[in-house]
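Encoded as structure tokens, the structure appears first; notes follow it.
Protein chains: 2
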Amino acid sequence: AAALEAKVSGFSKKVWKIGADDPRKPAYGVKVGIALTLVSLFYYVRPLYDGVGGNAVWAIMTVVLVFEYTVGGSMYKGLNRLAGTMSGAALALGMHWIASKSGEKLEPFVASGSVILLAATATFSRFIPTVKARFDYGVTVFVMTYSFVAVSGYRVEDLAALVLDRIATIAIGVIICLGVCALICPVWAGQELNLLTARNMEKLAYAVEGCIEDYFAEPSVKRAEAAAKSEGYKSVLGSKASEDSQANLARWEPPHGRFGFGHPYDQYTKVAAAMRHCAYCVESLSSCAGASSRERAPRLLGDACTRVAARCARVLKEASTCVATMTTSRTLGFAVADFNTAVHQLQTDLGNLPFKLAEKTAETSLAEAMQLFTVALLLIEIAASIEGVVHAVGTLATLARF
Amino acid sequence: AAALEAKVSGFSKKVWKIGADDPRKPAYGVKVGIALTLVSLFYYVRPLYDGVGGNAVWAIMTVVLVFEYTVGGSMYKGLNRLAGTMSGAALALGMHWIASKSGEKLEPFVASGSVILLAATATFSRFIPTVKARFDYGVTVFVMTYSFVAVSGYRVEDLAALVLDRIATIAIGVIICLGVCALICPVWAGQELNLLTARNMEKLAYAVEGCIEDYFAEPSVKRAEAAAKSEGYKSVLGSKASEDSQANLARWEPPHGRFGFGHPYDQYTKVAAAMRHCAYCVESLSSCAGASSRERAPRLLGDACTRVAARCARVLKEASTCVATMTTSRTLGFAVADFNTAVHQLQTDLGNLPFKLAEKTAETSLAEAMQLFTVALLLIEIAASIEGVVHAVGTLATLARF
């Protein structure tokens, strides 16, 4: 019983933490509840019920299915649902007219033949990448509406009225849903994407710095702190999926705040790709640097490498601030200049290394020297990839008119 | 007009290619059509219609919403839909009974209060990772059913009959859907996952080989072929999302063929993580190796590196065959032994490198020598990560009783 109690309390703590970390998540739950209550008014208030009737079910379903966490997600689903319903219904009405001309006997065959044909084509079209990215939900709704209307046509007298009712209730649902989603504490996919990019860039900065500090630190000072910092690059490696989906949804959002019409959301995915390239190198660096069980800190190149890493981190942090605040800063330019000097210095030092090594062969083992070479070269590679990140951020700033 | 024509023909070629590359994709479309036709029989055939009536709509919707490409996907959605509908309906009936005791005036307030409360809680619960992974769709259906039944209770007389009808039609839809999905050319998520893992492992093998061959090749023989081969690791980097979702869906599948009950689908994601670690190193290797604009091939270490790369590739290919055919092979053991010898040889050669370099300082520039060191060390790192892959495959073989 005690074990169960501990488990339950652990679980509820975890759940509480999810809500406390981001209060917009419980707020999302409340927003869904509010939208559902607004929709259910159509059931409770007599005059409204007389207008819509039992079809209010469709409005409730629409709210539950369309209401997403971000405004972009709700817009995507809402517009897809409307477009899918209308096109599916229109096509089905046309088909019904043709089928009804073909006589009572043939009608079911014409109708179900058209259902198979359209469902198969539409379902297959979901494998086309553009359709998948933008209209996946719309195609599902299209197939659903088409088959529903086409099949109902056989038993229902006034098909057009049924279709219009359905479209009207779905429109009511979509409007209530979008209204609540965008007006009460809205969560914009574009802003989330912007923040995620800025935050990942900062994490990358700490990771580059942490890795190098960790490598050149005295092993006795086993800095758990630096090691923990350097883990941040993993979240850069793992956030491709959420970046892609947010960029996709942000496109559906109306202009808001600094995110104007035609905001270059695509460019964010390019910045993210550049960051990921950098993170791959950090991963190699941390596994190369971490492999050794050194007894003492390497003496050579320590200054130059630490300086490059610090400058790399500074450039990334400046770029992150630029993205987060959506401004261009002069400091970024200075930071890049400093950083280039440091990289050049490291390259020169690296060229002189063999002579220095020759002087102290007694102190430095060969394996250590090789590892040092690799760490320095990977750091130079990281510096090159950071230039790519800065370039991508520059393009973003130009396109978005920061 | 000519431009438009070219665009249309280009697009249709692309669509044709999607279908031709994997005939199961158009087959999926046809399967959806068949399932919809079977469901619509409930509308067309008089005795069936008398049994179900206008509620057949729910069966149609269920088929469209539940029918996924893989059996696992359909199982996940179907079972979630059934469970969500039943639990939502049961709770709503209970709530309705309580609300009806509270009198005509209060009833709407009790009902909509409970809707807000439950919708908010359930929606928030979707942020809990376990719920998100396994019951996301079920929670949506639960909220939908609960609000639908709770709200309908105000206007509908025989609520229990409505609920039972709804559950029955949804069950019909789910059963037809799962039947068609699992019996007509089924696509198993587990098999797809197995195949994807094996294929990615093979691509990784070619990438390791290609990178090193490319680096040590005479620049005049600019081998576009090797470069193209070495691109394969990118698909390893990019397939995390699909692996995770397939592993998630495969858990819902009934035992089939060699995929027994409790098949260790989780272990596949671990194999994939090990492969991704290797791919990060390959990415660093290819950007380090590709950075140089050499005028001639490096002479030193060429043999040892090429041998290690070839052995790495062989080990990966053997492991890939093991996964693809689901057998253990003795050849893998031999390949690993060979590979270890080659890595040791490379490490010895690397130790002797400085003496060799001293002999030929005229021929080899410093920058070249440093790059050579880095390439060799990254290759050793890759070899270490391949050991991780082999280990993960071994665990998989044990757990799945290959």
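Note that the protein sequences, when read in sequence, are chains A and B.
Under this note's numbering, think of the first position of the first sequence as 59, with each following residue one higher.
Under this note's numbering, think of the first position of the second sequence as 59, with each following residue one higher.
No residue lacks a Cβ here, since even glycine has one placed at the ideal position from N, Cα and C.
If contact is defined by three or more beta carbon pairs under 8 Å, each pair taking one atom from either stretch, is the stretch 170–178 of chain A in contact with the stretch 238–248 of chain A?
no
What does DSSP give as the partner residue(s) for residue 317(A) in the beta ladder?
Position 259 of the first sequence, counted from the start, is the residue given in the question as residue 317(A). According to DSSP, residue 317(A) bridges with 314(A).
Could you work out which residues of chain B lie near residue 360(A), taking near to mean beta carbons separated by less than 7 Å?
As a first step, residue 360(A) is located in the first sequence; it is residue number 302 there, counting from the start. Correct list: empty, because the minimum Cβ distance to chain B is about 18 Å.
Within 10 Å of its beta-carbon, does residue 143(A) have 16 or more other beta-carbons around it, so buried, or fewer, so exposed?
Position 85 of the first sequence, counting from 1, holds the residue named residue 143(A). Buried: at least 16 other Cβ atoms inside 10 Å.
Runs of alpha helix (DSSP H) wholly within the stretch 318–394 of chain A (minimum 4 residues, chain order):
323–349, 360–383
What residue range is occupied by the uninterrupted alpha helix (DSSP H) comprising residue 198(B)?
Stepping through the second sequence from its first residue, residue 198(B) is reached at position 140. Unbroken alpha helix (DSSP H) run through residue 198(B): 187–210.
8 Å Cβ cutoff met for residue 118(A) and residue 145(B)
Taking the first residue of the first sequence as 1, we reach residue 118(A) at position 60. Taking the first residue of the second sequence as 1, we reach residue 145(B) at position 87. Not closer than 8 Å, so no.
Beta-carbon neighbours of residue 431(A), restricted to chain B and to distances below 7 Å:
Locating residue 431(A) in the first sequence gives position 373, where the first residue counts as 1. By Cβ distance, chain B contributes 428, 431, 432.
With 8 Å as the C-beta to C-beta threshold (strictly closer), list the residues of the stretch 78–89 of chain A near chain B in chain order.
83, 84, 86, 87, 88
Taking C-beta to C-beta, are residue 123(B) and residue 227(A) nearer than 8 Å?
Against the second sequence, residue 123(B) aligns to sequence position 65. Against the first sequence, residue 227(A) aligns to sequence position 169. Taking 8 Å as the Cβ cut-off, residue 123(B) and residue 227(A) do not qualify as a contacting pair.
Within the 8 Å Cβ cut-off, does residue 435(A) reach chain B?
Taking the first residue of the first sequence as position 1, residue 435(A) is located at position 377. Closer than 8 Å to some Cβ of chain B, the Cβ of residue 435(A) qualifies, so yes.
If we define contact as Cβ-Cβ less than 8 Å, is residue 206(A) a contact residue for chain B?
On the first sequence, position 148 is the one that residue 206(A) refers to. Yes, residue 206(A) lies at the interface with chain B (some Cβ there is under 8 Å from its Cβ).
Helix, strand or coil at residue 84(B) [DSSP, three-state]
For the purposes of this step, residue 84(B) is taken as the residue at position 26 of the second sequence. Residue 84(B): helix per DSSP, three-state reduction.
Applying the criterion that 16 or more other CB atoms from any shown protein chain within 10 Å of the CB defines a buried residue, is residue 75(A) buried or exposed?
Translated into the one-based positions of the first sequence, residue 75(A) becomes position 17. Classification for residue 75(A): exposed.
Leaving out the 5 sequence neighbours to the left and right, which residues in its chain are closer than 6 Å to residue 150(A) when beta-carbon positions are compared?
For the purposes of this step, residue 150(A) is taken as the residue at position 92 of the first sequence. 204, 207, 208, listed in sequence order.
Under a CB-based cut-off of 8 Å, is residue 144(B) close to chain A?
Within the second sequence, residue 144(B) is the residue found at index 86, counting from 1. Answer no: the Cβ-Cβ gap between residue 144(B) and chain A never drops below 8 Å.
DSSP state of residue 94(A) mapped onto helix, strand, coil
The sequence position of residue 94(A) within the first sequence is 36, counting from 1. Residue 94(A) falls in the helix class under three-state DSSP.
Whose C-alpha, out of 314(A), 312(A), 267(A), 330(A), is nearest the C-alpha of residue 293(A)?
Stepping through the first sequence from its first residue, residue 293(A) is reached at position 235. For residue 293(A), the nearest C-alpha among the options comes from 330(A).
Taking its Cβ as the centre, do 16 or more other Cβ atoms sit within 10 Å of residue 272(B), making it buried, or is it exposed?
Sequence index remark: in the second sequence, residue 272(B) carries index 214 (1-based). By the 10 Å Cβ count, residue 272(B) comes out buried.
Compute every distance between the C-beta of residue 319(A) and the non-hydrogen atoms of the ligand SAH, then say whether any falls below 7 Å.
Absent from the structure shown: the ligand SAH. Ligands present: none.
Kindly list the residues whose CB is nearer than 7 Å to the CB of residue 394(A), restricted to its own chain and excluding five residues on each side of it in sequence; keep chain order.
Counted from its first residue, the first sequence places residue 394(A) at position 336. Same-chain partners within the cutoff: 373, 448.
Which two residues bound the contiguous alpha helix (DSSP H) that contains residue 252(A)?
By one-based count along the first sequence, residue 252(A) stands at place 194. Here the alpha helix (DSSP H) through residue 252(A) covers 247–274.
Between residue 64(B) and chain C, is any beta-carbon pair separated by less than 8 Å?
Considering every chain present, this structure includes no chain C. Its protein chains are A and B.
Considering just the uninterrupted stretch of the alpha helix (DSSP H) at residue 78(A), what are its terminal residues?
Here the question's residue 78(A) lines up with position 20 in the first sequence. Run containing residue 78(A): 60–79, per the alpha helix (DSSP H) assignment.
Using a Cβ-Cβ distance under 8 Å, would residue 344(B) count as near chain A?
Taking the second sequence and counting its residues from 1, one reaches residue 344(B) at position 286. Residue 344(B) does not count as touching chain A.
Buried or exposed for residue 166(A), going by 16 or more other Cβ atoms inside 10 Å?
Position 108 of the first sequence, counting from 1, holds the residue named residue 166(A). Buried, by the Cβ-count rule.
Can we say the stretch 88–104 of chain A touches the stretch 153–170 of chain A, given the rule of at least three CB pairs closer than 8 Å?
no
Which stretch, first to last residue, makes up the alpha helix (DSSP H) that contains residue 170(B)?
Numbered from 1 along the second sequence, position 112 holds the residue referred to as residue 170(B). Note, residue 170(B): alpha helix (DSSP H), 165–183.
Nearest to residue 436(B) by CA position, among 275(B), 341(B), 450(B), is which residue?
Along the second sequence, read from residue 1 onward, the residue named residue 436(B) stands at position 378. Closest option to residue 436(B), Cα to Cα, is 341(B).
Ignore the nearest five residues each way along the sequence and tell me which others in residue 327(B)'s own chain have a CB closer than 7 Å to its CB.
As a working mapping, residue 327(B) is identified with position 269 in the second sequence. Excluding positions up to five away in sequence, the list reads 301, 302, 305.
Going by C-alpha to C-alpha distance, which of 290(B), 116(B), 316(B) sits closest to residue 225(B)?
Locating residue 225(B) in the second sequence gives position 167, counting from the first residue. Measuring from the Cα of residue 225(B), the nearest candidate turns out to be 116(B).
Would you say residue 341(A) lies against chain B (beta-carbon separation less than 8 Å)?
Locating residue 341(A) in the first sequence gives position 283, where the first residue counts as 1. Yes, because at least one Cβ of chain B sits closer than 8 Å to the Cβ of residue 341(A).
Span of the alpha helix (DSSP H) holding residue 224(A)?
The residue given as residue 224(A) occupies position 166 in the first sequence. Start and end: 217–241.
Listed from N- to C-terminal order along the chain, which residues in the stretch 168–185 of chain A have their beta-carbon within a distance smaller than 9 Å of any beta-carbon of chain B?
169, 170, 171, 173, 174, 175, 176, 177, 178, 179, 180, 181, 182, 183, 184, 185
Option nearest residue 213(A) by Cα separation, candidates 398(A), 409(A), 154(A), 457(A):
Along the first sequence, one-based indexing puts residue 213(A) at 155. Per the Cα distances, 154(A).
Boundaries of the alpha helix (DSSP H) in which residue 136(B) is found, first to last residue:
The residue you call residue 136(B) lines up with position 78 of the second sequence. 129–159 is the span of the alpha helix (DSSP H), which, as asked, contains residue 136(B).
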